[in-house]
Each structure stands twice: as structure tokens, then as C-alpha cells.
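Asker: This is the structure I want to talk about, given as C-alpha cells.
Number of protein chains: 2
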Amino acid sequence: MTTQAFTPQSLFSERILGVPTSFIREILKVTVQPDIISFAGGLPNPEFFPVEAIQQASDTVLTKDGKTALQYSTTEGYLPLREYISARYKSHQGLDIAPDEILITGGSQQAIDLVGKVFLNKGDVVAIEKPGYLGSIQSLSMYQPNFQGVNLTSEGVDVEELEALYDRTNPKMFCAIPNFQNPTGLSYTERTRERVAEALVGRNTIVIEDDPYGELRFAGTRSKSLKHYFGAQCVLFGSFSKIAAPGLRLGWVVAPKPMMEKFVIAKQASDLHTNFFAQRVMYQYLLDNDIDAHIKRISEAYGKQRDAMVQAIEEFFPAEARSTKPEGGMFVWITMPENFSALKFFDVAIKQKVAFVPGTPFFVDGSGANTMRLNYSGASPETIREGIARLGKLMEEFMPQVA
Amino acid sequence: MTTQAFTPQSLFSERILGVPTSFIREILKVTVQPDIISFAGGLPNPEFFPVEAIQQASDTVLTKDGKTALQYSTTEGYLPLREYISARYKSHQGLDIAPDEILITGGSQQAIDLVGKVFLNKGDVVAIEKPGYLGSIQSLSMYQPNFQGVNLTSEGVDVEELEALYDRTNPKMFCAIPNFQNPTGLSYTERTRERVAEALVGRNTIVIEDDPYGELRFAGTRSKSLKHYFGAQCVLFGSFSKIAAPGLRLGWVVAPKPMMEKFVIAKQASDLHTNFFAQRVMYQYLLDNDIDAHIKRISEAYGKQRDAMVQAIEEFFPAEARSTKPEGGMFVWITMPENFSALKFFDVAIKQKVAFVPGTPFFVDGSGANTMRLNYSGASPETIREGIARLGKLMEEFMPQVA
Numbered sequence: 166m167t168t169q170a171f172t173p174q175s176l177f178s179e180r181i182l183g184v185p186t187s188f189i190r191e192i193l194k195v196t197v198q199p200d201i202i203s204f205a206g207g208l209p210n211p212e213f214f215p216v217e218a219i220q221q222a223s224d225t226v227l228t229k230d231g232k233t234a235l236q237y238s239t240t241e242g243y244l245p246l247r248e249y250i251s252a253r254y255k256s257h258q259g260l261d262i263a264p265d266e267i268l269i270t271g272g273s274q275q276a277i278d279l280v281g282k283v284f285l286n287k288g289d290v291v292a293i294e295k296p297g298y299l300g301s302i303q304s305l306s307m308y309q310p311n312f313q314g315v316n317l318t319s320e321g322v323d324v325e326e327l328e329a330l331y332d333r334t335n336p337k338m339f340c341a342i343p344n345f346q347n348p349t350g351l352s353y354t355e356r357t358r359e360r361v362a363e364a365l366v367g368r369n370t371i372v373i374e375d376d377p378y379g380e381l382r383f384a385g386t387r388s389k390s391l392k393h394y395f396g397a398q399c400v401l402f403g404s405f406s407k408i409a410a411p412g413l414r415l416g417w418v419v420a421p422k423p424m425m426e427k428f429v430i431a432k433q434a435s436d437l438h439t440n441f442f443a444q445r446v447m448y449q450y451l452l453d454n455d456i457d458a459h460i461k462r463i464s465e466a467y468g469k470q471r472d473a474m475v476q477a478i479e480e481f482f483p484a485e486a487r488s489t490k491p492e493g494g495m496f497v498w499i500t501m502p503e504n505f506s507a508l509k510f511f512d513v514a515i516k517q518k519v520a521f522v523p524g525t526p527f528f529v530d531g532s533g534a535n536t537m538r539l540n541y542s543g544a545s546p547e548t549i550r551e552g553i554a555r556l557g558k559l560m561e562e563f564m565p566q567v568a
Numbered sequence: 166m167t168t169q170a171f172t173p174q175s176l177f178s179e180r181i182l183g184v185p186t187s188f189i190r191e192i193l194k195v196t197v198q199p200d201i202i203s204f205a206g207g208l209p210n211p212e213f214f215p216v217e218a219i220q221q222a223s224d225t226v227l228t229k230d231g232k233t234a235l236q237y238s239t240t241e242g243y244l245p246l247r248e249y250i251s252a253r254y255k256s257h258q259g260l261d262i263a264p265d266e267i268l269i270t271g272g273s274q275q276a277i278d279l280v281g282k283v284f285l286n287k288g289d290v291v292a293i294e295k296p297g298y299l300g301s302i303q304s305l306s307m308y309q310p311n312f313q314g315v316n317l318t319s320e321g322v323d324v325e326e327l328e329a330l331y332d333r334t335n336p337k338m339f340c341a342i343p344n345f346q347n348p349t350g351l352s353y354t355e356r357t358r359e360r361v362a363e364a365l366v367g368r369n370t371i372v373i374e375d376d377p378y379g380e381l382r383f384a385g386t387r388s389k390s391l392k393h394y395f396g397a398q399c400v401l402f403g404s405f406s407k408i409a410a411p412g413l414r415l416g417w418v419v420a421p422k423p424m425m426e427k428f429v430i431a432k433q434a435s436d437l438h439t440n441f442f443a444q445r446v447m448y449q450y451l452l453d454n455d456i457d458a459h460i461k462r463i464s465e466a467y468g469k470q471r472d473a474m475v476q477a478i479e480e481f482f483p484a485e486a487r488s489t490k491p492e493g494g495m496f497v498w499i500t501m502p503e504n505f506s507a508l509k510f511f512d513v514a515i516k517q518k519v520a521f522v523p524g525t526p527f528f529v530d531g532s533g534a535n536t537m538r539l540n541y542s543g544a545s546p547e548t549i550r551e552g553i554a555r556l557g558k559l560m561e562e563f564m565p566q567v568a
């Protein structure tokens, strides 16, 4: 018998060794100190969590049907909840999505992981917005794809660039957040959506439409879902995290039936099914409360926070700083002159007790050194103004050093 | 521009195409009809779900700290819950496990998936009990390992066979359920555990100890955890599903620090973190209630159900049928003569309104055609007796046809 010594690091999978330490995790550790004004987070404002209504819903579910609510359940998710989501797509967006085209997941993040499980072989080309959502990049990284970034413009993804990428590499999927994207706050115009459809419909590819923020609109009008244009070619994600509460970890995947069968297998392999108690509580909450009114309250508040941030940026940031002006969601994106290092500026800012997320981790090609993500949903308009003023002052001092 | 037509089946990953349709899912669909006596399930008895205590815990958490409980939280899980688990390992099993060696997961099933993510490259050899837990087989299948089954004896895994397999193929991991295994109900004797350790400690491999049933003992005495023998070479899973309620989807992984870092990355990529509300409710429940007394009540009831099943098997099954006599857990395993087809017998039995799970899916090499899994936690002693009597009568009629 030969024995090889136990060396755990030699046992790790290729996929897990390929993941860099999460820069944002490290940043968030620094920014939790209470005296810091943090624009680094990505959390919904807990002031709007419907705590009492959830408490009521939880009581109702456990009183009426506790034993079932606490038992194992189906992989697909609670049917009445899926019916509710289906009906809401119809009434709010005119989309025909059957309940059996919906699978309840542990938040949208799990939906991304399931997409990786169902579709990705090592080396498959994945087209993703540049900058793109870091959670998608991290989650799909586990499946070792070949990421190809496509630039975002103020009107949404750069369609020429997307089409050229498809002609060149035929990606297996295109990952898009067309409404109030994380990290930029940008949305695709209706015309961009049409053009993306003209470019990709009928190709042998799928479009992943991640839509956690779409309902958080405080300005402008809603555009059509990519699902409207792509039909069975689209896998659509939704989430209760931003419109109700993220701690319950409830999201969903919409996929056409032949794909749904595979998603169910992947979901079962991942965790059997999503927390059933949470599904039941959410459904009861939706039955007993006016979620539209609730979403309106959140959106209005976020609109005020966004106004405070955009106004303060105009007032306090140097003229060279370009900023997005989102019509919804939770983020503003700042682009500084080419030679600006957001990473170095982070060190300067944190010493003055203001935090943000440097943009590079959002770029699959490692670019974006001069960009920053600012979150406004987590601070009051007054605090936002104070924090932006502080950042602006620091920028003025910082910029000549790098120019 | 060339366009290839949209053919979704061509886009699926190799891993998902490699998963056969879940036989057990299909069986469970048949067996949910209310007039069927089903031994096919694997569900804990809902009569013992602490519904009122969970309701009280849920109220307390939302009243005291609702906004935090409904917010995003850390990937590792709620620290006080991890401290509780750590302290319980110490007090109940004498194991020294630090809270930061514990990660809260969406049930043990997710723990298995994380093991696949963290360790498995395609083609890696995975040693697993034969028969083995189907959930592990399905979940790890996603990572396309080379499964090698090792037979179980009445004393636990066949150590000679395990050692020979290691000498031959050097598996990356050995997946074991040493206490009241699913599907067999068998446990490893203390001597078997020692011998497994003698065979594998110091080799470059890890031992996955899945222990969802270990606390559900109604006879005999507890053996030492494999963790005791393997230390940092062991990844240990635990779960609240069988001792509290499975609908909350709460389990955990114990892993030494260098591995835990990778588990955290994999967990974050999978779903950011486990339902935080459920973690808070479970912790509150554990604080306010005597879980040991609760586990004792469950175990005593399962003991009576097991007695009813084992006695009825002795009384009604043909002499050729061999049965395990578990000291805990939820399952009895039946081995019939070589030429018996449990699959064909299933069709006979279901017509007479009794269901069980044919054993083949639990064997990674496709053997086990003459075996069956019977669950006793889901039916009363009277119903168990009636169902076993019915099965026994059918076996007598069925067996000559195949002899």
C-alpha cells in the first residue's frame, strides 16, 4: 500500500481554485463600521421591509397549515405562489407565462447558478454586459465559461458590438439586466431591446434577462421585457428581495417547458426545493397586502434618494466626472477620467469615512479602473448629500496627483 | 452573418444531459394518492413538527429584530446559530468544532452540492456506499465524477473493499452515512469506524460524513463521529430537517478552515446565503425550547413504528426476505432472493395500494434489483402492520413467478 500525504489544497476543484478572492466582500468588511457613510452596499432599505405584515402572514400560515408549511415540498415551488407570479406577469406586463414555466429559487442568485448547471460546459462563450453584475460573473465562473464583455451605452447594450461578438464566437448565452442595471443603473431603451431582438432572435442562443429591479421605477415608463421579444429563447429571473425582503431568499426562474425540466433536475440536485415556509409566508403576505402600493412607497423613497445623489454629484463632483441618472433601481455609476484610479481613491475616501465600490470587478476583462458604483438606497438624502460632498472634495484633491 | 436555428436541446450542458430522469420522483407521484399505504417516502413525521414553538419563535424574532431578520446577511450564516451548533457538538459528542468551521446551508442537500463545487473535477473518483444515498448520487452527478460503490455489511462499510478501492484508484472522497443510513438503516460499528480510519487517515482524500439521522436513535448507543477519527480530513454535514422541520431547509457543513474558505466562495456563488429569517427563527426556537426532549419524543415514536415494521416483516414476509433492524433513523432495507425484481413487484404492489422504493437507483453500478427501501416514519404502527401484511401476501404470490 502506498500512502500519499493529506494535502487539502491539492484536492480542490479547478473551478474553485479559479475564483479570485471577492474584492467586494473585503470592501464590505471595511465599510460596516457605523461611522462610515457607505455607498458601497447593495442592500434594499430595511425601513421598507413589511415586518408586521410578514409577521401576520407567518402567524396565519402556521395557524392554518403549520404541519404542511414545515414539511418537505415540491422542487418546483408552491403552486399558488407560481400562479400569483404568472398572473402578475399578465396583468403588469402583458406576458403569457404559465405557472409550470416558473420555478421558485433561493433568490435570483440561485437562478444564475442553475443556469450555469443547466447550460454551461467549460469554455462555452458567455456574453455579458460590461460592466456586468458581479453576482452573475462569480456564480457562472464556477462553470468555467469564456466571458466576453459587451459595452453598455446610455441606451443599453451596444448592439453592433453584441452582433459582432455573436458573428465571431456564437455565445451560448447573453446575460442582460435591461432595467436599472447593477452596477450602472442604466436601462435599455425600447429601441435597443428591439435591436437586440433583431440581432439575436432565431440564433442558437439564449438570453438571460435578470430583472430584480424592474419594478422599482420612479421616473420614465416601463419598456417591454426581453421575454416579450425572445419568447422561448429567453430565461427570465425575478425576485422578491427588492420589493419585499431579501432575507427570505425568494426569487424565481421563468423558462419554457423543455428547459424547465432541466432546471427542476438542477434545482433538486442543488437543495431539493426552496424554503417552503418562506414561500407560504410570502404568498400569504401577497394575498393579504397591496404589494403595488408597497412598491410605490419604496420607489418614491428611492427616487428621493437618487435625486439627492444626482444633485449632490452635479454640485460637488469635478466637471470631469460623468454620472448615470437612473430612472429606478438602487445605483449610480461614475466614470472618471482615464487616468483616475478608483482603487487608490477608495483608500483616500475610506480614511475620510466614505465608501463606494471601485468598478474594476464588474468588468470581465479587468478594465474600468476609473469607474465607481454608488448605492443610494441605503442612506437618507441628507447623509447622501454629506457623503457626496466629502467625496467631491477628496476628488478635487486626489485628481491632480494622478493627472 | 450566418444564423444557426434555435435548438434548445443542443444548448444543454453535458452534466445535465447525463442525469437520468429521477425514478423516485416518478414513483412519488404515483404514491401521493391518499388511499395508498406508502412506505416510499422519506419524510419525517409532521406530527412532531413544533408548529406552535416555531410560531412563537417567529413572532419573537420579527418583534425584536424584524428589519435585520429580513435583510441580506452573511454567507457563513447567523453566528449565534453556528455557536449553538458548535456548543452542541461539544456537549453531545465531545467534538471540538469552532463556529467558524460551520457554514449554514439550505439543508444537507446543498452541503453535498457545495462539496461537488469545491472538490470535484470531471472524472474524479468518488467512493460511495453501495447502496448509497440517492440525493448524494444525484447531486454529485452534476460534477461528473467516477462513482465507485463499496458494499455495506451489517457492521457498516466493507473496509477491505474500501481499502482495495483506495489502493487501486485513490478516490478524492469517500461519502458515508455512518448512522442509520439512507436507504438501509444500517450503522457502522465502532470497530468499523476505527478500521475505516486505519485504512484512510493520512491518505490524500476526504471523508464526507453525512449525519442527518444520528440523533434519531431509539436503541443501542451512539458511536463516535467519523470526524473524531478523521479531524481535518473530514467534512461533516448536519441538518435540522429531521429533528425540527425540513420545510425551513436548514442544514450545515463542518469543514476545517482552509476548506471553509472555499465552501464560503461556493455558497456565495450558489445563493449568497441561507434564508436568514429561517436561521433566526431556528435559533430562537432552540433558545426557547428543549430540543433534546423533542428529539427524544420523535425517536421514541419512530422506535415504535420501526418495531411495528420489523415485527410485521418477521410475521408476514417470506422466510427468504432479509431485513435490516435499524437502531434509529427512518428506513428498513429488504433484500429478496437474487431473481426477485423489486421493480416488477412495485407494479404488483401499487395495484394493491402499497408503495415502496425499488432499490436499484441507490446502486451506482445499477445492481440491487432484488432490494427495496421501506420508510416507517410516515405511517402509524397499525397502518404499517396492514401495509406489510399486504406486501407479504403479494410477495408469496409474486415470488414463484420469478423463481
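Protein sequence lines, in the order shown, are assigned to chains B and V.
Each residue of the first sequence is one higher than the one before, starting from 166 at the first, in the numbering used here.
Each residue of the second sequence is one higher than the one before, starting from 166 at the first, in the numbering used here.
Note that the Cβ used here is the ideal one computed from N, Cα and C, for glycine as well.
Small disclaimer: the values here were computed from a predicted structure and weren't measured.
1) For B:Leu-260, which residues of its own chain have a beta-carbon under 7 Å away from its beta-carbon, when the five flanking residues on both sides are left out?
2) When the distance is taken between beta carbons, is B:Leu-208 closer than 8 Å to V:Gln-236?
3) What does V:Glu-374 pair with, by DSSP beta-bridge criteria?
4) B:Val-522 and B:Ile-302 - do their beta-carbons sit closer together than 8 Å?
5) So, does the CB of V:Leu-451 fall closer than 8 Å to a CB anywhere in chain B?
6) From V:Phe-510 to B:Pro-264, what does the alpha carbon distance come to, in whole angstroms?
7) Quick check: what's the CA-CA separation for B:Leu-504 versus B:Leu-317?
8) I think V:Ala-473 touches V:Ile-549, with their Cβ atoms under 8 Å apart; what is that distance to the nearest whole Å?
9) Given that a residue counts as buried once 16 or more other Cβ atoms are within 10 Å of its Cβ, and exposed if not, what is B:Gln-174?
10) To test your reading of the DSSP string, which unbroken alpha helix (DSSP H) runs of 4 or more residues are found completely within the region 461 to 536 of chain B?
11) Please list, in chain order, the chain V residues whose beta carbon lies closer than 9 Å to that of B:Asp-376.
12) Roughly how many angstroms lie between the CA atoms of B:Thr-167 and V:Val-366, to the nearest whole one?
13) Hey, is B:Gln-163's beta-carbon within less than 8 Å of any beta-carbon in chain V?
14) Helix or strand or just coil, what does DSSP make of B:Ile-269?
15) Per the DSSP calculation, B:Thr-318 is bridged to which residue(s)?
16) Would you report the Cα separation of V:Lys-558 and V:Pro-310, rounded to the nearest angstrom?
17) Quick one: which chain V residues come within Cβ less than 7 Å of B:Glu-569?
18) Give the secondary structure of V:Phe-383 by DSSP, where H, G and I count as helix, E and B as strand, and everything else as coil.
19) Per the DSSP calculation, V:Ile-181 is bridged to which residue(s)?
20) Measuring only the C-alpha atoms, how far is V:Phe-204 from V:Tyr-541?
21) Using DSSP's beta-bridge definition, name the partner residues of B:Ala-292.
22) Are the region 375 to 383 of chain V and the region 329 to 345 of chain V touching, with three or more C-beta to C-beta distances below 8 Å?
23) Cutting at 8 Å between CB atoms, please list the residues of its own chain near B:Glu-356, excluding the five before and the five after it.
24) Suppose you measure from the CA of V:Leu-351 to the CA of V:Leu-285; what does that come to, to the nearest Å?
25) V:Gln-433 versus chain B: which residues are under 9 Å apart at the beta carbon?
26) Between the alpha carbons of V:Tyr-353 and V:Gly-494, how many angstroms are there, rounded?
27) Kindly give me the distance between the Cβ atoms of V:Leu-539 and V:Thr-525, rounded to whole angstroms, as I take these residues to be in contact under 8 Å.
28) Report yes or no: do three or more beta-carbon pairs, one from the region 212 to 220 of chain B and one from the region 453 to 471 of chain B, lie closer than 8 Å?
29) Under 8 Å, with one C-beta from each stretch per pair, do the region 436 to 452 of chain V and the region 402 to 421 of chain V reach the 3-pair mark?
30) For B:Gly-231, report the span of its beta strand (DSSP E) as first-last.
31) Using three-state DSSP, classify B:Arg-538 as helix, strand or coil.
32) With a threshold of 8 Å between beta-carbons, can V:Thr-172 be considered close to chain B, or not?
33) Between B:Ala-234 and chain V, is the shortest Cβ-Cβ distance under 8 Å, so that the two count as touching?
34) Does the region 394 to 404 of chain B come into contact with the region 273 to 280 of chain B, if we say contact requires no fewer than three beta-carbon pairs (one atom in each stretch) closer than 8 Å?
35) Which residues of chain V have a Cβ atom closer than 7 Å to the Cβ of B:Pro-199, listed in chain order?
36) What three-state label does DSSP hand V:Ser-203 in the structure shown?
Answerer: Well, looking at it:
1) Tyr-254, Ser-390, Lys-392, His-393
2) yes
3) V:Ala-341, V:Leu-401
4) no
5) no
6) 36 Å
7) Sequence check: residue 504 of chain B is Asn here, not Leu. The straight-line gap from Cα to Cα measures roughly 20 Å.
8) 4 Å
9) exposed
10) 507 to 516
11) Residues of chain V passing the Cβ test: none, with the nearest at roughly 17 Å.
12) A caution first: B:Thr-167 carries a pLDDT of 47, below 50, which makes its placement in the model too unreliable to give a value.
13) Coverage of chain B is limited to positions 166 through 568, which leaves residue 163 of chain B absent and any answer about it impossible.
14) strand
15) B:Gly-321
16) 42 Å
17) Nothing can be reported for residue 569 of chain B: it is not among the residues displayed for chain B, which extend from 166 to 568.
18) coil
19) Answer is none; V:Ile-181 lacks a bridge partner.
20) 6 Å
21) B:Gln-313, B:Phe-339
22) yes
23) Note that residue 356 of chain B is Arg in the sequence shown, not Glu. Cβ neighbours of B:Arg-356 beyond the five flanking positions: Glu-320.
24) 27 Å
25) Ser-187, Arg-190, Gln-274, Gly-300, Gln-303, Ser-304
26) 13 Å
27) With 8 Å as the limit, V:Leu-539 and V:Thr-525 do not qualify as a contact, their Cβ atoms being about 15 Å apart.
28) yes
29) yes
30) No beta strand (DSSP E) holds B:Gly-231; the alpha helix (DSSP H) holding it covers 216 to 234.
31) strand
32) yes
33) yes
34) yes
35) Correct list: empty, because the minimum Cβ distance to chain V is about 14 Å.
36) strand
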